[in-house]
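Trainee: Protein chains in written order, with the numbering used here: chain A, 1 to 303; chain B, 1 to 186.
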Amino acid sequence: MTAWFYYLLWMCLLLQVGALVQFGVWLSTGRRAVWTALYCIVALLSAFLLARLYTVFCVMMLTLSWHYKRSKIGAIQVGILSLSVLVYLGIAGFYREWISPSNNLVGTGELAELAGEQDQLVLRYVVANLQELSNLSEVISMTPSELPYQFGTTFTPVIFKPIPRALMPSKPLSASGLFTRQVSPENYDSGFTTAMGAWGEWYLNFSWPGIILGFALTGALSSAAYRAIRATNEFGRVMLYASFVVVLLTWLRSDFNSATTYGLYYFVPAIVTLAYVTHDGRGPLIYRGVPSRRGPLLENPAK
Amino acid sequence: MTRATVSANPFLPGWVWLIPLALLVFFFEALHPVGNPAERIVWYSVLIIIGATALTRLCRIEKQFDLFEPLHLTFALFVIFYPVRALLAVWLDDAWFDPSKVAIWKALSASALGFVSFALGYKFGPGKSAVRRRTWLDRGWNMERAQVASLALLLLGIAGFAAMRFFGGSSFTSSWSIPTSKVRRR
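1. Could you have a look at TRP96 of chain B and say whether DSSP puts it in helix, strand or coil?
2. Does any C-beta atom of chain B lie closer than 8 Å to the C-beta of GLU132 of chain A?
3. For THR53 of chain B, count the other beta carbons within 10 Å of its own beta carbon; 16 or more makes it buried, fewer makes it exposed. Which is it?
4. Of all the options A:PHE48, A:TRP199, A:ARG230, A:ALA225, which has the alpha carbon lying nearest to the alpha carbon of VAL246 of chain A?
5. Please name the residue in B:ARG40, B:LEU21, B:ILE49, B:ILE80 whose C-alpha comes closest to that of ASN129 of chain A.
6. Along chain A, which residues have their Cβ under 7 Å away from the Cβ of ALA86 of chain B?
7. From the beta carbon of ARG57 of chain B, is the nearest beta carbon of chain A less than 8 Å away?
8. In whole angstroms, what is the alpha-carbon distance linking GLY157 of chain B and LEU14 of chain A?
9. Buried or exposed, going by whether 16 or more other CB atoms sit within 10 Å of the CB of TRP91 of chain B?
10. Are the C-beta atoms of LEU15 of chain A and some chain B residue less than 8 Å apart?
11. Assign MET1 of chain A to one of two classes, buried (16 or more other C-beta atoms within 10 Å of its C-beta) or exposed (fewer than that).
12. List the residues of chain A that TRP96 of chain B touches, going by C-beta distances under 7 Å, in chain order.
13. Does DSSP classify ARG186 of chain B as helix, strand or coil?
14. Should SER176 of chain A and ASP255 of chain A be called a contact, given that it needs their Cβ atoms to be closer than 8 Å?
15. Can you tell which of B:ARG165, B:LEU154, B:MET164 has the C-alpha that lies nearest to the C-alpha of PRO269 of chain A?
16. Keeping to the same chain, check which residues put their C-beta closer than 6 Å to that of ILE159 of chain A; ignore five residues upstream and five downstream.
17. When the Cβ atoms of the segment 111 to 126 of chain B are set against those of the segment 40 to 54 of chain B, are three or more pairs found closer than 8 Å?
18. Just verifying my parser: in three-state terms, what is the DSSP assignment at MET1 of chain B?
19. Roughly how many whole angstroms lie between the Cα atoms of ARG32 of chain A and TRP26 of chain A?
20. Within the segment 62 to 98 of chain A, note down every full beta strand (DSSP E) run reaching 3 residues or more, in order along the chain.
21. Here's a check: name, in chain order, each residue in its chain whose Cβ is nearer than 6 Å to the Cβ of TYR265 of chain A, leaving out the five neighbours to either side.
22. By how many angstroms is the C-alpha of THR56 of chain B removed from the C-alpha of GLY30 of chain A?
23. Below 8 Å, how does it come out for the segment 129 to 142 of chain A and the segment 101 to 110 of chain B: are there three or more Cβ pairs, yes or no?
24. How should MET164 of chain B be labelled, buried or exposed, when 16 other C-beta atoms within 10 angstroms of its C-beta is the threshold for buried?
25. Rounded to a whole number of angstroms, what is the C-alpha to C-alpha distance between LEU88 of chain B and PHE206 of chain A?
26. Would the beta-carbon of ASN136 of chain B fall within 8 Å of that of THR278 of chain A?
27. Alpha helix (DSSP H) containing MET370 of chain A: first to last residue?
28. DSSP three-state label for TYR82 of chain B, please.
29. Taking the CB atoms as reference points, tell me whether LEU81 of chain A and VAL126 of chain A lie closer together than 8 Å.
30. Using three-state DSSP, classify TYR262 of chain A as helix, strand or coil.
31. By Cβ distance below 8 Å, which residues in the same chain neighbour GLN182 of chain A in space, the five residues on each side in sequence not counted?
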């Protein structure tokens with residue numbers, strides 16, 4: 001199961017890409033509103049079944065599409081959305097722990113008490129997950145005396161990703177994996193890692209120059225990606241930009257290996273689908289661009 | 001044309017002077033030796049937040065606020081993960097957080113340095129001309145194909161869930177095995 005788990009997980013995430021494509025169809029034509037709502041609900045439900053992070057990704061990609069293709073999201077809506085996500089993270093974290101098989105009777109009693117205190121819920125399931133500062137201070141204090149500089153090896157796992165670890169046990173570890181193995185081997189053996197963050201990863205590889213140059217490079221790449229989406233306003237670009245945002249946020253929060261993994265999960269199906277739907281060698285009416293609210297601009301390629 | 005873009009006042013607007021002045025005050029408050037370390041780190045965190053906000057405003061590409069501009073997203077995550085987390089740690093009296101430790105100060109400084117580098121790389125990165133204007137992505141969509149593709153992805157996704165349940169017993173128990181940030185610090 002473990003060997004195949006990530007491939008199955010990838011299949012599950014295809015639902016989100018499908019919902020995004022359907023969302024693009026609706027934004028372009030205004031047709032199939034009910035189907036679009038259904039696709040989006042199924043995608044959100046499926047994301048909830050997987051992990052809180054995927055739900056946030058799904059909501060974010062849909063919101064981003066709405067923002068660039070329908071109407072801009074302002075500061076008030078951002079505030080409301082952030083508050084809703086905060087509440088969701090608290091409740092979903094609580095629910096996860098409640099249904100966990102490792103939850104015993106004593107734990108259930110404590111959780112029942114906790115459910116009555118919303119602020120404690122947020123502290124336990126949201127604030128407690130913000131481990132980046134703690135981990136960065138730990139990395140700085142232990143590198144290079146206990147953990148040597150990695151000089152870029154934590155960026156290489158993506159190259160070996162297609163090879164199962166069973167066939168190549170000496171595959172390089174991700175930054176978070178390496179750090180967790182150092183500070184908490186028992187948790188690492190159980191399959192858990194702690195989020196290191198891009199700051200920690202750059203420091204672990206190249207010390208202070210790594211933070212300066214690495215972040216400058218990341219900023220330049222992000223600028224190029226953003227300018228690319230703003231160059232024209234096609235939904236294909238929005239889809240790819242949504243995937244890029246997932247990659248960027250994952251890297252800042254976790255590490256490069258996780259970011260590239262999510263990148264593969266979202267970019268590969270998005271690019272394949274876009275190549276298929278933009279293949280306009282045949283077909284009746286093709287919609288050029290995503291129209292304004294006045295209606296789509298139709299074009300007949302047969303002419 | 002020149003008259004329309006040049007201000008009649010030879011001095012910079014008041015707010016331009018106010019920002020470095022406020023930063024200087026905060027910097028002095030954060031680093032002068034009086035006061036306990038917790039108080040100093042609170043000042044330092046507030047200073048970082050104000051400085052990062054000003055830098056974000058200076059380095060953004062769009063003239064109007066765009067939530068999904070990478071600089072804003074990075075700013076949000078940086079502020080939450082580092083200076084705000086430090087403030088929360090002081091407020092909650094977290095056991096791992098010891099403001100008298102040099103590593104904590106170094107970590108906060110490293111995070112601020114990273115964000116400053118990001119903002120500068122973002123501002124002085126490739127210009128508009130470096131981005132190709134039209135690519136295959138800009139071709140129109142064939143809506144029939146788009147619907148076939150979304151349906152296929154939906155079915156594949158459902159098949160993935162079914163397979164996960166078949167192999168793992170439950171999609172919940174399977175998803176628990178996703179290595180996530182569950183490790184608590186020592």
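Think of the CB as a built atom: it goes at the ideal place given N, C-alpha and C, for glycine as much as any other residue.
Mentor: Taking the structure as given:
1. coil
2. yes
3. exposed
4. Of A:PHE48, A:TRP199, A:ARG230, A:ALA225, the residue nearest in Cα terms is A:ALA225.
5. Closest option to ASN129 of chain A, Cα to Cα, is B:ILE80.
6. LEU133
7. no
8. 5 Å
9. exposed
10. yes
11. Confidence at MET1 of chain A is low in this model, with a pLDDT of 48, below 50, so the placement of that residue should be treated as unreliable; the coordinate-derived value is given next. Exposed: under 16 other Cβ atoms inside 10 Å.
12. SER134
13. Its pLDDT being 38, under 50, ARG186 of chain B is placed unreliably by the model, and the measurement read from it follows with that caveat. Here ARG186 of chain B sits in coil by DSSP.
14. yes
15. B:LEU154
16. none
17. yes
18. Unreliable placement is indicated for MET1 of chain B, whose pLDDT of 38 sits below 50; no coordinate value is reported for it.
19. 6 Å
20. none
21. TRP10, LEU13
22. 36 Å
23. yes
24. buried
25. 29 Å
26. One detail in the question is off: residue 136 of chain B reads as Trp in this sequence, not Asn. Cβ distance < 8 Å, so TRP136 of chain B and THR278 of chain A count as in contact.
27. The displayed coordinates of chain A run from 1 to 303. Any statement about residue 370 of chain A would go beyond what the structure contains.
28. coil
29. Result no, Cβ atoms of LEU81 of chain A and VAL126 of chain A do not sit closer than 8 Å.
30. In the three-state DSSP reduction, TYR262 of chain A falls in the helix class (H, G or I).
31. MET142, GLU146, LEU147
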